[in-house]
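Mapping of the sequence shown onto the UniProt record's numbering: position 64 corresponds to residue 64, and the numbering continues sequentially without gaps. Every residue, glycine too, gets a C-beta built ideally from N, C-alpha and C. Treat the numbers as computed from the prediction; the structure is a model and nothing was measured. Accompanying notes for the structure given below.
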Amino acid sequence: MPICVSPICFQAMAHPDGELAIVRAVASVDTAVGVSIYSTYSLEDVARESPNTVKFMQIQFYKDRQLMVDLLKRAEKAGYNAVILTVDIPIEVLPEIVEAVRGTGVEVYMDSGVRLGTDVLKALALGARAVFVGRPVIWGLAYKGEQGVTKVLEMLRHELKVAMALAGCASLKDITPSLVMRHAASHL
Ligand SMILES: Cc1cc2nc3c(=O)[nH]c(=O)nc-3n(C[C@H](O)[C@H](O)[C@H](O)COP(=O)(O)O)c2cc1C
């Protein structure tokens, strides 16, 4: 499904199972997860917990480039599917980014502030392949570990389905930019 989990550091502060609970919940709803470089469990432990889950390893740029190479090699060996290189940008530029990579085969994902199924619908309509959700997932983790995370992801999935139905979309392919109307700031 097009609702994935953002990389969040030190998840054992929210629940003792931390990243292990998240990766299990992500497997149960068949989506993907970003694993922070500041994970409380090692990237190998997280991978072993759910080998078939699609996992993106998140790292920042470090002055020590050899450290980056070593971490990336570890992630590759542990079976991570992709890398998230963290560079923050404002979400208002989503349509421009989608336009810039059109025809290149590059997929665009978006996070920050996704709280409702309608937020997911809007992001997909503007060209994102999927969204990532951070804090709501951590609230679910703090509430009830793996079960809480699964609940949050299932709620968002349900809300997306309702939003799609109300917008007349039978499948993800039916979600097009025509669903989003822009108003000038003075109309808000
Ligand atoms: C407590 C906390 C820790 C985070 N840790 C990381 C991190 O280690 N790496 C990273 O790339 N982003 C990190 N982020 C950013 C999230 O991945 C995400 O971009 C951000 O929370 C916005 O999504 P949200 O509005 O759904 O929470 C963190 C965010 C929060 C709130």
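Contact check, A25 vs T176, beta carbons under 8 Å:
Mapped onto the sequence shown, residue 25 falls at position 25. Mapped onto the sequence shown, residue 176 falls at position 176. Contact: no.
Contact between the region 98 to 117 and the region 130 to 146: three or more CB pairs below 8 Å?
yes
Reduced DSSP category for L116 - H, G, I as helix; E, B as strand; rest coil:
Taking the sequence shown and counting its residues from 1, one reaches residue 116 at position 116. In the three-state reduction of the DSSP assignment, L116 falls in the coil class, being assigned neither a helical nor a strand state.
Give me the residue from L121, A27, S28 and F56 with the minimum Cα distance to S39.
As a working mapping, residue 39 is identified with position 39 in the sequence shown. Cα-wise, what sits closest to S39 is F56.
Can you tell me which of the three DSSP states Y143 falls into?
On the sequence shown, position 143 is the one that residue 143 refers to. DSSP places Y143 in helix when its eight states are reduced to three.
Rounded distance between the beta-carbons of Q58 and L141, thought under 8 Å:
As a first step, residue 141 must be located in the sequence shown, where it is residue number 141. As a first step, residue 58 must be located in the sequence shown, where it is residue number 58. Rounded, the Cβ-Cβ distance is 17 Å, inconsistent with contact.
Please check the pair G117 and S6, which I expect to be a contact at CB under 8 Å, by giving their CB distance rounded to whole angstroms.
For the purposes of this step, residue 117 is identified with residue 117 of the sequence shown, where counting begins at 1. For the purposes of this step, residue 6 is identified with residue 6 of the sequence shown, where counting begins at 1. No, G117 and S6 are not in contact; Cβ-Cβ is about 17 Å, not under 8 Å.
Can you determine whether any heavy atom of ligand 1 sits closer than 7 Å to the C-beta of D119, and answer yes or no?
The residue labelled residue 119 in the question sits at position 119 within the sequence shown. D119: no, Cβ never under 7 Å from ligand 1.
Should C9 be labelled buried (16 or more other beta-carbon atoms within 10 Å of its own) or exposed?
Counted from its first residue, the sequence shown places residue 9 at position 9. Classification of C9: exposed, given that the 10 Å Cβ count is below 16.
Pairwise C-alpha distance: I138 and Q147:
The residue given as residue 147 occupies position 147 in the sequence shown. The residue given as residue 138 occupies position 138 in the sequence shown. One C-alpha to the other measures close to 12 Å.
Taking the alpha-carbon positions, what's the D119 to P95 distance?
Taking the sequence shown and counting its residues from 1, the one referred to as residue 119 is at position 119. Taking the sequence shown and counting its residues from 1, the one referred to as residue 95 is at position 95. So the alpha carbons of these two residues sit roughly 15 Å apart.
Going by other Cβ atoms of all chains shown within 10 Å of its Cβ, with 16 needed for buried, is A47 buried or exposed?
As a first step, residue 47 is located in the sequence shown; it is residue number 47 there, counting from the start. Flag for A47 reads buried.
Candidates L121, G168, K77 and V98: closest to M1 by CA position:
Residue numbering aside, residue 1 sits at position 1 when the sequence shown is read from its first letter. Among L121, G168, K77 and V98, the Cα nearest to that of M1 is on L121.
Check whether the Cβ atoms of A78 and L43 lie closer than 8 Å to each other.
What you label residue 78 is simply residue 78 of the sequence shown in a count that begins at 1. What you label residue 43 is simply residue 43 of the sequence shown in a count that begins at 1. For A78 and L43, yes; Cβs fall inside 8 Å.
May I ask you to report which of helix, strand or coil DSSP gives V29?
Taking the sequence shown and counting its residues from 1, the one referred to as residue 29 is at position 29. Residue state, collapsed to three classes: coil.
Run the proximity test for residue 271: is its beta-carbon closer than 7 Å to any non-hydrogen atom belonging to ligand 1?
Because the chain in this structure spans residues 1 to 188, residue 271 falls outside the shown range and cannot be described.
Report back the beta-carbon spacing between L153 and I3 to the nearest angstrom; my notes put them in contact at under 8 Å.
Along the sequence shown, one-based indexing puts residue 153 at 153. Along the sequence shown, one-based indexing puts residue 3 at 3. About 6 Å; that satisfies the 8 Å criterion.
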